[in-house]
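First up is the structure itself, then whatever we jot down about it.
Protein chains: 2
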Amino acid sequence: MIVYDYFRSSAAFRLRIALNLKGLSPERRYIHLANNAHRTDEYRAINPQGLVPYMIDDDGFELSQSLAIIEYLDETHPEPPIIPADLKERAFARSIAQIIACDIHPVNNKRILDKLVDDFQAGDSVKTRWYCGWIHEGFVALEKILEKRRVQSAFCVGEIPTIADICLIPQVANANRFKCALEVFPRVVGIYQHAMKLSAFHDAQPSKQPDFPSAEI
Amino acid sequence: MIVYDYFRSSAAFRLRIALNLKGLSPERRYIHLANNAHRTDEYRAINPQGLVPYMIDDDGFELSQSLAIIEYLDETHPEPPIIPADLKERAFARSIAQIIACDIHPVNNKRILDKLVDDFQAGDSVKTRWYCGWIHEGFVALEKILEKRRVQSAFCVGEIPTIADICLIPQVANANRFKCALEVFPRVVGIYQHAMKLSAFHDAQPSKQPDFPSAEI
């Protein structure tokens, strides 16, 4: 298996956690998004979307989109499960994953922040306000949804990590990077702190990747 | 089953298609997003995200996020399948759904366009350029991904509609509404035209909903 990766990408961070949980070590190829390596004809011929992560399985099967790749990994390598077996728990885990992957992350990723600069000459403080505003709105909902379940568990769904945590932890890491205020989200922060004690999460973070630039340490 | 719905929401449009394909007719409750009915304390107590669609099943199980609800429906009402049985086809269908649900739709929905007005005083022409720009970037990739598969089929994955088409058709309908140029996307447009001949898709469009305002006809 080949995985196209980039240390800073939250979507790639999700897939790294899933691979670690499954004990899989595919070949990694690094696409430096900040250098626009994803915009080259060479990479677009592989992944027309020009995003990471992207997976090529041993038989040549190609797949884009972090959540689709994670579901595929869970179906092809079932142990340990990262999508719960119970129908309602599966659905709940996917809904948390999608709140992050559809409603929080996309409006804050690099291409949108770049576009705010290009189209509206947004400066750093405007970009940070945009970023933390969507984090706040999304995390207010997430915190209430976790509360509404009336189950206080170590991870979003229960005592083992699922696709929900795989999405949540990179999003919290990024919110920390932008110094967004998170003290009003005790459940979200509690799950993050718990998860980051596990090597599958800890080792997947940007600063632990081979392509992390030494200048950022 | 109760579904919270709004005629204009693309995510609700997806779920309406899935319900039609499954032959399900839940009770509908209409949340008028343009009137900010989703921002009331009453609705936020039900769905803390304040978005539609939202589902409450007969046993009280509640679920947000269109794709999570659609996967849940497919698992609880397996016939006809809208997630293919084959592992690779499932994965491919989900990846197309997520390209739309994670990378095209969220950056163009109402709350983002409203925010461009609030933060940057964007006028109608700026909003349309923003909207059609992301449609163009996303559809260029989708068209190439469909081409790259080298399978010319009636729907995204094969001869029957899947979660991929359930996401694609509302996105094309919305692009038409904003008058985005689509003639360079023959496969995308071809799938749209084919799908809209089916009552499951046709009857799910905004103009066919009970909450569609008569002034818009």
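Protein sequences, first through last, are from chains L and S. Residue 173 in my numbering sits at position 167 of the first sequence, with consecutive numbering throughout. Residue 68 in my numbering sits at position 62 of the second sequence, with consecutive numbering throughout. No residue lacks a Cβ here, since even glycine has one placed at the ideal position from N, Cα and C.
Taken in chain order, the unbroken stretches of beta strand (DSSP E) that lie wholly in the segment 21-108 of chain L and span 3 residues or more are 33-36, 60-62 and 68-70. The count of Cβ pairs closer than 8 angstroms, one atom from the segment 29-40 of chain L and one from the segment 127-141 of chain L, stays below three, leaving the stretches out of contact.
Against chain L, a Cβ distance below 9 angstroms from E81 (chain S) picks out L93, R96 and A97. The alpha-carbon separation between G29 (chain L) and H200 (chain L) amounts to approximately 20 angstroms. Burial state of V178 (chain S) is buried, judged by a 10 Å Cβ sphere holding 16 or more other Cβ atoms. Cβ neighbours of R50 (chain S) within its own chain (closer than 7 angstroms, five residues either side excluded): G56.
By alpha-carbon distance to Y137 (chain L), the top candidate from L:H111, L:E81 and L:E153 is L:H111. Boundaries of the beta strand (DSSP E) harbouring Y10 (chain S): I8 to D11, taken from the DSSP string. If you ignore the 5 residues before and after C108 (chain S), its C-beta comes within less than 8 angstroms of no other C-beta in its own chain. Taking 8 angstroms as the CB threshold, K154 (chain S) lines the interface with chain L. Shown here, A17 (chain L) sits in a helix according to DSSP, grouped into three states. Secondary structure at G139 (chain L): helix, using DSSP grouped into helix, strand and coil.
Shown here, E165 (chain L) sits in coil according to DSSP, grouped into three states, outside any helix or strand.
A distance below 8 angstroms separates the beta carbons of L27 (chain L) and P167 (chain L). Annotated three-state conformation of R156 (chain L) is coil, per DSSP. Scanning its chain for C-beta atoms nearer than 6 angstroms, with the 5 sequence neighbours on each side dropped, one finds around S15 (chain L) the residues V58, in chain order. Between F184 (chain L) and F13 (chain L), the gap from beta carbon to beta carbon reaches 8 angstroms or more. Residue-level contact check: F161 (chain L) does not touch chain S, since none of the beta carbons of chain S fall below 8 angstroms from its beta carbon. Secondary structure note for G196 (chain L): its alpha helix (DSSP H) is the uninterrupted segment P192 to A201. Inter-segment contact for the segment 37-47 of chain S and the segment 205-213 of chain L is absent: fewer than three beta-carbon pairs are separated by less than 8 angstroms. If you ignore the 5 residues before and after F98 (chain L), its C-beta comes within less than 7 angstroms of the C-beta of V163, all in its own chain and listed in chain order. When C-beta distances to chain L are compared with 7 angstroms, the residues of the segment 55-77 of chain S below that value are Q55, F67, L69, S70, Q71, L73, A74 and E77, in chain order. Taking CB atoms only, I197 (chain L) has no neighbour in chain S less than 8 angstroms away.
Residue contact with chain S for F126 (chain L): present (Cβ-Cβ distance below 8 angstroms to some residue of chain S).
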